[in-house]
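K.L.:
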Amino acid sequence: KEAPARISSMSKGTKLIVVVRDPVTRAISDYTQTLSKKPDIPTFESLTFKNRTTGLIDTSWSAIQIGIYAKHLENWLLYFPIGQILFVSGERLISDPAGELGRVQDFLGLKGIITDKHFYFNKT
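Using full-length UniProt numbering, you'd call the opening residue of the sequence shown number 1 and step up by one each time.
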């Protein structure tokens, strides 16, 4: 909670880069990793929904809370204007790393040196 104020006090012009994933994909990944270590945990559906009939989401589960990005950004936006924050898609970072890193380079005002030739996709 103190980090945004501290960073802002050191340099108001600081640019922030936030990598986000689709919140549903992120929650499923979190669950899958936990399940591999603790096979006796409740089902994904029972952790996700307060009421499956109405589709009411249980926002008390940490895997859901992490994906509510607006909640985590509120404090940062008190100290940094939205123009100083770049949101990078975790999915596009995997599917098009050069493209996403090109956006990062542009955002930071860096020379665009990272291209597709810097990446090799291993299908295995």
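Built from N, CA and C at the ideal position, the CB exists for glycine as well. All figures in this text were calculated on a predicted structure; none of them were measured in a lab.
Quick one: which unbroken alpha helix (DSSP H) runs of 4-plus residues sit fully inside the UniProt domain "Sulfotransferase" (8-124)? Chain order, please.
P.N.:
You should have 23-37, 44-48, 62-66, 69-77, 90-95 and 97-108.
K.L.:
Given a cut-off of 8 Å, decide if residue 44 and residue 31 are closer than it, judged by their beta-carbon atoms.
P.N.:
Yes, the Cβ-Cβ distance between residue 31 and residue 44 is below 8 Å.
K.L.:
So, under 8 Å CB-CB, residue 107 and residue 86 are touching, yes? Tell me the CB distance rounded to an integer number of Å.
P.N.:
The pair is a contact, with the Cβ atoms about 4 Å apart (cut-off 8 Å).
K.L.:
CA-CA distance, residue 71 and residue 38?
P.N.:
Between residue 71 and residue 38, the C-alpha separation is close to 28 Å.
K.L.:
Across the stretch 84-103 and the stretch 12-31, are there enough close Cβ pairs to call them in contact, namely three or more that are closer than 8 Å?
P.N.:
In short, these stretches touch, since the Cβ pair count reaches three.
K.L.:
Answer yes if the stretch 19-34 comes into contact with the stretch 51-68, meaning at least three C-beta pairs across the two stretches below 8 Å, and no otherwise.
P.N.:
Yes: the two stretches touch, three or more of their Cβ pairs being nearer than 8 Å.
K.L.:
List the whole-angstrom C-beta distance separating residue 89 from residue 20, where the pair is believed to meet the contact cut-off of C-beta under 8 Å.
P.N.:
Residue 89 to residue 20, Cβ: 7 Å. Contact.
K.L.:
Assuming residue 58 contacts residue 47 (C-beta within less than 8 Å), just tell me the rounded distance between them.
P.N.:
That belief holds up - the Cβ atoms of residue 58 and residue 47 are roughly 7 Å apart, short of 8 Å.
K.L.:
Measuring straight from C-alpha to C-alpha, what distance separates residue 97 and residue 123?
P.N.:
Going from the Cα of residue 97 to the Cα of residue 123 covers about 15 Å.
K.L.:
Buried or exposed: which applies to residue 121, given that a residue is buried once 16 or more other Cβ atoms fall within 10 Å of its Cβ?
P.N.:
It counts as exposed.
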